[in-house]
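Protein sequence lines, in the order shown, are assigned to chains E and H.
Under the working numbering, the first residue of the first sequence is numbered 935, with each subsequent residue one higher.
Under the working numbering, the first residue of the second sequence is numbered 81, with each subsequent residue one higher.
We put the beta carbon where it would ideally sit given N, CA and C, even for glycine.
These figures come from a predicted structure and were not determined experimentally.
Structure first, commentary second.
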Amino acid sequence: MVKQYGGATIAHIPDGVLSAPVLTGGALAAAVLLAVATRRLDYDRIPQAAVFAAAFFVASLVNVPIGPGSVHLILNGLMGLILGWTAVPAILVALLMQALFFGYGGLLVLGVNVFNLALPALLCGLLLGPIIRRAGGRFTLLWGAVCGALGVSLTAGLVAVSLAASGPEMRPAAQLVLAAYVPLLIVESAVTAFAVVFIQRVSPDLIWNRVSPCD
Amino acid sequence: MIKPTLLLVLLLSCHSVQAHLFELFAYTEANRIHGSAFSSGGQKAAGALIKVFAEDGHLLNSLKSNQQGDFVLDVQKPGSYRLLAESGDGHIAERFVSVVSQANPTTDKTSSAEFALPGNETSKKSTVDHHHRAQFLQQVEQAVARQVGPLRVELQHHDKHVRLANILGGIGFIFGLAGLLLWWRCRQTGKHRS
């Protein structure tokens, strides 16, 4: 008889890894975020949210070999910058689809995964969105890289905390996640930077609209 | 001047892409554990660290998978063992196996044991005693395990393989939900105006 619970990655914690208190706390925190996001939902950004959710859904399928290992994009920093609060339901839907169609993550751990990805996205939008808009098109590449790096760093930290809080036997896994996020940081920063520059050229309204998406 | 889009394409160019779910498969043959580590895209996880824990949780052994992602380990006594595989990039996978026999696995695929099928009147050999029968059954189990093990690995590869239909289904579902939300919003807006 064999039993398998799959693998833990920097973004998808599978079912059967975290303890019940962590699962409950994560689900409650995600529910609070989702409730606030629903009240502040910008319906004008629903089409963009769908596009980003689809990109997030597919991004986890593409692994970029980095040395002996590999990483896949998260894109939560970019989502937070463009979508603001709308990024929360977008991330929820994308994670749910990944769990149902690919078995990535899980349904019980969905709340924790949503919180670990959506909170960094929101912080990127809140902190860096006004800075990028005030910059008026200058240093976009740099701020885009910072956005990607911040999103990945915060996500890695939250995932490590989630694992470490589930018991001493999960602490080596938490350390492994933190060690593995460095190559992802580099790739995500670069991709986010180029994506922000590209969006600035083809559809600047997404970034420099008059109303902040986090208002 | 180098265009950002070109740099983006170059950065994302790689010789292979695969899904990221990390899997560990293992089966037993007598007191030998055979296993393989791979990603759900089917790529072998060469050099993955494999740790073997006893029932009481203490670490028995650690080894690395070969270039094909495979590993073989002999255990001293029967029981349940926990295998933990680490890919080195943050992926871990776990599997439990049970070793139920103390017999040495044979590498000779052709058994020379004397046997006779019960009720076979055309057999040239007489009916074997109980010891030879048990030996024969054990060798049959080991031979079946050798043949079935790789098939189970292939089956798991196929089961975990990400299919295009699933990708398109997920994307369609996302846009469908967005469309439903916009339709609902339009109805609400229309009601308010009227």
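Around the beta carbon of residue 1116/E, fewer than 16 other beta carbons sit within 10 angstroms, so the residue counts as exposed. The Cβ-Cβ distance between residue 1055/E and residue 1082/E does not fall below 7 Å. Neighbours of residue 257/H across chain E, judged by C-beta separation under 8 Å: 984, 1027.
Take the alpha-carbon of residue 216/H and the one of residue 227/H: they are about 17 Å apart. Between residue 1110/E and residue 1104/E the beta-carbon gap is near 10 Å, outside 8 Å, which marks them as no contact.
Remark: C-beta atoms of residue 119/H and residue 105/H do not approach each other more closely than 7 Å.
Under the three-state reduction of DSSP output, residue 175/H falls in the strand class. Chain E places no beta carbon closer than 7 Å to that of residue 146/H, leaving this residue out of the contacts. By the rule that beta-carbons nearer than 7 Å mark a contact, residue 261/H touches chain E. Under the Cβ criterion of 7 Å, residue 267/H is not counted among the residues facing chain E.
Distance from the Cα of residue 116/H is smallest, within the candidate group 259/H, 231/H, 256/H, for 231/H.
In this structure, the beta-carbon distance from residue 167/H to residue 135/H does not fall below 7 Å.
In the DSSP assignment, residue 119/H falls within the unbroken beta strand (DSSP E) covering 112 to 119.
Taking the CA atoms as reference points, residue 1089/E sits about 43 Å from residue 157/H. Counting the other Cβ atoms within 10 Å of the Cβ of residue 1068/E gives fewer than 16, which makes it exposed. Between the alpha carbons of residue 985/E and residue 258/H lies a distance of about 10 Å.
Put simply, the backbone Cα of residue 155/H is about 11 Å away from that of residue 180/H.
At a beta-carbon threshold of 7 Å, the residues of chain E lying near residue 246/H are 1035, 1036, ordered along the chain.
For the region 125 to 138 of chain H, the set of residues with a beta-carbon nearer than 9 Å to any beta-carbon of chain E comprises 126, 127, 137, in chain order.
Counting along the chain, the unbroken alpha helix (DSSP H) around residue 1105/E starts and ends at 1105 to 1136. With respect to residue 1028/E, residue 991/E sits close: the two C-beta atoms are nearer than 7 Å. Straight across, the Cα-Cα distance linking residue 1129/E with residue 1122/E is about 10 Å. For the alpha helix (DSSP H) assignment, the uninterrupted runs of no fewer than 4 residues enclosed by the region 1012 to 1040 of chain E are, from N- to C-terminal side, 1021 to 1035. As computed with DSSP, residue 162/H is found in a beta bridge with 133/H, 176/H. With 16 or more neighbouring CB atoms inside 10 Å of its own CB, residue 1108/E falls in the buried class. Closest by C-alpha distance to residue 1044/E, out of 958/E, 1061/E, 980/E, 1084/E, is 958/E.
For residue 118/H, not one C-beta of chain E is nearer than 7 Å to its own C-beta. Between residue 1030/E and residue 1041/E, the alpha-carbon positions lie close to 7 Å from each other. Residue 142/H is classed as exposed because its beta carbon has fewer than 16 other beta carbons within 10 Å across all chains shown. When only Cα atoms are considered, residue 139/H and residue 1060/E end up about 46 Å apart.
Scanning its chain for C-beta atoms nearer than 6 Å, with the 5 sequence neighbours on each side dropped, one finds around residue 164/H the residues 131, 174, in chain order. As DSSP reads the structure, residue 103/H sits in a beta bridge with 118/H. From the beta-carbon of residue 991/E, the residues of chain H found nearer than 7 Å are 250, 251, 254.
Residue 1019/E holds the alpha-carbon nearest to the alpha-carbon of residue 1053/E among 1019/E, 1037/E, 1070/E.
Approximately 5 Å separates the beta-carbon atoms of residue 1085/E and residue 1058/E; this is inside 8 Å, confirming the contact.
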